[in-house]
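First to last, the protein sequences are chains A and B.
Heads up: the first sequence at position 54 corresponds to 54 in my numbering, and the numbers run straight through without jumps.
Heads up: the second sequence at position 104 corresponds to 212 in my numbering, and the numbers run straight through without jumps.
Note that the Cβ used here is the ideal one computed from N, Cα and C, for glycine as well.
To start, the structure under review is shown below, and the notes come after it.
There are 2 protein chains.
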Amino acid sequence: MRKKEDLPNCPVATTVSMIGNKWKLLIIRNLISRPWRFNELQRDLEGISQKVLTDSLRSMEADGIITRTVYPEVPPRVEYALSELGKSLCPVIEEMKKWGLMYKELAK
Amino acid sequence: MRKKEDLPNCPVATTVSMIGNKWKLLIIRNLISRPWRFNELQRDLEGISQKVLTDSLRSMEADGIITRTVYPEVPPRVEYALSELGKSLCPVIEEMKKWGLMYKELAK
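See the structure below:
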């Protein structure tokens, strides 16, 4: 997790500094349903580069939002999942979903 | 507003395509309380360039999220405000605020 002194004063800006980014929001959306593997995420998130996906996952892991679990198989299986803290972001994604549904209703 | 055929299938991705960006989220946070002028926004959003602020405001206007009102004064006063559609994003920002407050509580 980040240290208190590294966080903006504004709580909205705190959240935005951690997940205010297209790819991170879509990764969280995916991880809400179940753990995902790196390659699965890369295939699903059209247009994301390997570097950006790696960087996004690393920074979300450092921020305490996701966990990275290595299963001792051959080859090792690595899965990304929401931590408890990450799961508490569900209401943000849920409100985005509601708003998106409404926008799609209104769009012609 | 965008046309239906230009929107992603996923409602979360629809919202993310419109506001999944640090600056747009912070602009919306600011406009929740009252209309803001361009220069005020630029001063408040530390690090935003004139170009990025202009582009962000234009695309949010095109998406129907904000309004741009020119008051016939000398020099003309231009104010940006949330549209009714933009106001319906309040719950998204509200959940981000709640989460940010919680994260700040947990951070050491």
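| Query | Result |
| --- | --- |
| Between the CA atoms of residue 142(B) and residue 27(A) - distance to the nearest angstrom | 32 Å |
| Inter-residue Cα distance where the pair is residue 121(B) and residue 51(A) | 21 Å |
| Proximity of residue 128(B) and residue 87(A) at Cβ, strictly below 7 Å | no |
| Reference residue 211(B), options 65(A), 78(A), 79(A), closest by Cα | 65(A) |
| Interface residues of chain A facing residue 207(B) [CB-CB closer than 7 Å] | 15, 88, 89, 92 |
| Contact residues within the region 163-178 of chain B, judged by C-beta distance below 7 Å to chain A | none |
| Below-7 Å beta-carbon distance, residue 95(A) vs any chain B residue | yes |
| Run of the alpha helix (DSSP H) containing residue 187(B), from where it starts to where it stops | From DSSP, residue 187(B) is part of no alpha helix (DSSP H) but of the beta strand (DSSP E) over 185-190. |
| Pair within 7 Å by beta-carbon distance, residue 205(B) and residue 8(A) | no |
| Rounded separation between residue 106(A) and residue 113(B) - CA only | 12 Å |
| Chain A within 7 Å of residue 151(B), Cβ atoms only | no |
| Proximity test, Cβ basis, 7 Å: residue 190(B) and chain A | no |
| Span of the beta strand (DSSP E) around residue 178(B) | 174-179 |
| 7 Å Cβ cutoff, residue 120(B) in contact with chain A | yes |
| Cα-Cα separation, residue 89(A) to residue 185(B) | 39 Å |
| As assigned by DSSP and simplified to three states, the class of residue 9(A) | coil |
| 7 Å Cβ cutoff met for residue 154(A) and residue 207(B) | Within the shown structure, residues of chain A are numbered from 1 to 108, placing residue 154(A) beyond reach of any answer. |
| Per-residue contacts from residue 161(B) into chain A (C-beta, under 7 Å) | Ordered by position in chain A, no residue passes the 7 Å Cβ test against residue 161(B), which lies about 16 Å from the chain. |
| Exposed unless 16 or more other CB atoms sit within 10 angstroms - verdict on residue 56(A) | buried |
| Residue 34(A) at chain B interface by Cβ criterion, 7 Å | no |
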